[in-house]
Amino acid sequence: MGQKEGVILIVDDERDHADGLAESLEKLCARAIAVYDGADALEILRSQQVDVIVTDLKLGGDIDGLDILEEAKKYNDSTEVILITAYGTIDTCKEAIKRGAYDYLVKPIDIGQLRTLVTQACQKASTAHERLPQKSKAGKKDFAFEGVWGNSPAMEGIFEVLRRVAPTNISVLIEGQSGTGKELLARAIHINSLRWNKSFRPVNCAGLTETLLESELFGHVKGAFTGAANDRKGLFEIADKGTLFLDEIGDMSPTSQAKLLRVIEDGVIIPVGSNKATVVDVRIVSATNQNLPELIEEKKFRQDLYFRIKGVNISLPALRDRTEDIPALIDYFLKEAAIEVGSKVTGITDAALTVLSNYDWPGNVRQLRNTIRTMVVMCDRDRLDARDIPLDIAQRRQLIAGSRPAALGDVSLNELEKQAIEETLAKTKGNREKASKILGIGERTLYRKIKEYNL
0 MGQKEGVILI VDDERDHADG LAESLEKLCA RAIAVYDGAD ALEILRSQQV
50 DVIVTDLKLG GDIDGLDILE EAKKYNDSTE VILITAYGTI DTCKEAIKRG
100 AYDYLVKPID IGQLRTLVTQ ACQKASTAHE RLPQKSKAGK KDFAFEGVWG
150 NSPAMEGIFE VLRRVAPTNI SVLIEGQSGT GKELLARAIH INSLRWNKSF
200 RPVNCAGLTE TLLESELFGH VKGAFTGAAN DRKGLFEIAD KGTLFLDEIG
250 DMSPTSQAKL LRVIEDGVII PVGSNKATVV DVRIVSATNQ NLPELIEEKK
300 FRQDLYFRIK GVNISLPALR DRTEDIPALI DYFLKEAAIE VGSKVTGITD
350 AALTVLSNYD WPGNVRQLRN TIRTMVVMCD RDRLDARDIP LDIAQRRQLI
400 AGSRPAALGD VSLNELEKQA IEETLAKTKG NREKASKILG IGERTLYRKI
450 KEYNL
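Next comes the structure, spelled out in structure tokens:
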């Protein structure tokens, strides 16, 4: 990676200062991203490769520059962090260097000195990054986002649509069961869009009352309602030039739907309790686990709003309908969990993989991710195996298969593996190529197992 191909993340709670630094430093690399609080910085770190971070030590929230340093090194040790500090906290920055920070600068910043430091840090990060294996991508043609995976025909079709849609401003409606990864897909759209260096803001429309949701979206002025002690910007204004993700949009009240439609059509918001209008430019990505056409028939969802948010409609399949993707997802979640908890687990046995690949996963990708994380936490060996699989999953799988529930300790690994292979062959109608992909093993290994178990 050359000097002008890296990603620099600037974190400063003073918006103008952050934007100014981003503009100044962008010439040193391909991308400079400015965010205004620690939470947004952590979202960026979780979503993509960042080479250099320039962050203020004090950010005015629960997350400060040292927290960002710690998280950055946790996700990728080659990321270099430069701290900006006031004179009185120099000792803290010196301590931060011992923890892995690249350097620090004292306010007021000499921009020339900062540019020199960033150039050096970017070169150092580049050298380290080139020695690391490249991250896998969700699909072909450079559409990628951590946590969005799939080589199944269903997911490849979705990625092809998203590669076309992401660079545009068209609205997107994502449908799918809970836990299928709708928010991850929404983030993927944002990161791969022309708005990638602006804010991505999610809001759960089902988790707030009508008044609180309107305040969250449009903002409010002091005294607008009980508890409104100060003026507050809404997510539409905060996400200006960025992306707003409206999760569970089917749960919006009719009043909120009408106000949302007006904002989408006019591009103007009016905070609760105010008469002052503000122009905003926000891309809308929505998600639901409900059938919106049915809600329209029942007069519970506005048809005109539906047509506005449904620029492109994407249906995420349940995990049980794309079992070919389970081995790759397990591999990713295992590595992610091992880094997060500091575990030495590096892999998973064939027996455990076959059991997990044949489970129906009612909680979809979210349940799989949490299960792998739990297994990694509890495992004291270098590989996960069937004994690490939570009991409820083993029992439910056996119930679905029509067998009497039993504890994993009562079933041999060979028996679990045999049953998984037998069920997979039945599911694929004897197609060994497809069965081997679902099980996450090679065809030759599968053929040997079939002979071994006399299947």
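In terms of numbering that gives the first Met the number 0, the sequence shown has 411 at position 412, counting the first letter as 1, and numbering is strictly consecutive.
Positions of the beta carbon are idealized from the N, C-alpha and C atoms, including for glycine.
Rounded C-beta distance between residue 58 and residue 10? I'm assuming under 8 Å.
7 Å
Could you spell out where the alpha helix (DSSP H) holding residue 160 opens and where it closes?
152-164
Does the distance from the C-beta atom of residue 173 to that of residue 284 stay below 8 Å?
yes
DSSP puts residue 16 in a beta bridge; with which residues?
Answer is none; residue 16 lacks a bridge partner.
At the level of alpha carbons, what is the spacing between residue 223 and residue 193?
35 Å
When you measure from the CB of residue 334 to every non-hydrogen atom of the ligand SAM, does any distance come out below 7 Å?
With respect to the ligand SAM, the structure offers nothing, as it holds no ligand at all.
With a Cβ-Cβ cutoff of 8 Å, do residue 54 and residue 83 count as a contact?
yes
Taking the alpha-carbon positions, what's the residue 95 to residue 343 distance?
26 Å
Compute the Euclidean distance between the alpha carbons of residue 337 and residue 49, then round it to the nearest angstrom.
20 Å
Could you name the residues of the same chain whose beta carbon sits closer than 7 Å to that of residue 43, not counting the 5 residues immediately before and after it, in chain order?
8, 32, 34 and 49
Strand pairing of residue 30, partner residues [DSSP]
6
Which of helix, strand or coil does DSSP assign to residue 208?
coil
Can you confirm whether the segment 196-215 touches the segment 149-161 when touching is taken to mean that 3 or more C-beta pairs between the two stretches lie within less than 8 Å?
no
For residue 365, tell me which candidate among 329, 260, 164 and 349 has the shortest Cα-Cα distance.
329
Quick one, are the C-beta atoms of residue 243 and residue 251 less than 8 Å apart?
no
May I ask you to report which of helix, strand or coil DSSP gives residue 305?
helix
For residue 230 and residue 175, I'd like the C-alpha separation in whole angstroms.
36 Å
Looking at the strands, I want to know which residues DSSP matches up with residue 219.
231 and 271
My guess is that residue 196 and residue 30 are in contact by the Cβ rule of under 8 Å, so how many angstroms apart are they, rounded?
7 Å
Report yes or no: do three or more beta-carbon pairs, one from the segment 378-391 and one from the segment 306-322, lie closer than 8 Å?
no
Taking DSSP as the reference, what is the three-state secondary structure of residue 443?
helix
Do residue 262 and residue 276 have their C-beta atoms within less than 8 Å of each other?
no
Inter-residue spacing [alpha-carbon to alpha-carbon] between residue 12 and residue 163:
34 Å
Please classify residue 201: does DSSP put it in a helix, a strand, or coil?
strand
What separation, rounded to the nearest whole angstrom, lies between the Cα atoms of residue 111 and residue 102?
15 Å
Secondary structure at residue 346, three-state DSSP: helix, strand or coil?
strand
Proximity below 8 Å, CB of residue 291 to CB of residue 179:
no
What separation, rounded to the nearest whole angstrom, lies between the Cα atoms of residue 300 and residue 217?
20 Å
Among 361, 359 and 371, whose alpha-carbon lies nearest the alpha-carbon of residue 340?
371
Local conformation of residue 246 per DSSP, three classes
strand
Would you call the CB atoms of residue 439 and residue 367 closer than 8 Å?
no
Would you check if the distance between the CB atom of residue 294 and the CB atom of residue 249 is smaller than 8 Å?
yes
Coarse secondary structure for residue 452, derived from DSSP in three states:
helix
Starting from the C-beta of residue 350, find all residues in its chain whose C-beta is less than 7 Å away, skip the five residues before and the five after it, and write them out in chain order.
384, 385, 412, 415 and 416
Shortest alpha-carbon distance to residue 215 belongs to which of 39, 309 and 233?
233
State the DSSP-derived secondary structure class of residue 331, mapped to helix, strand or coil.
helix
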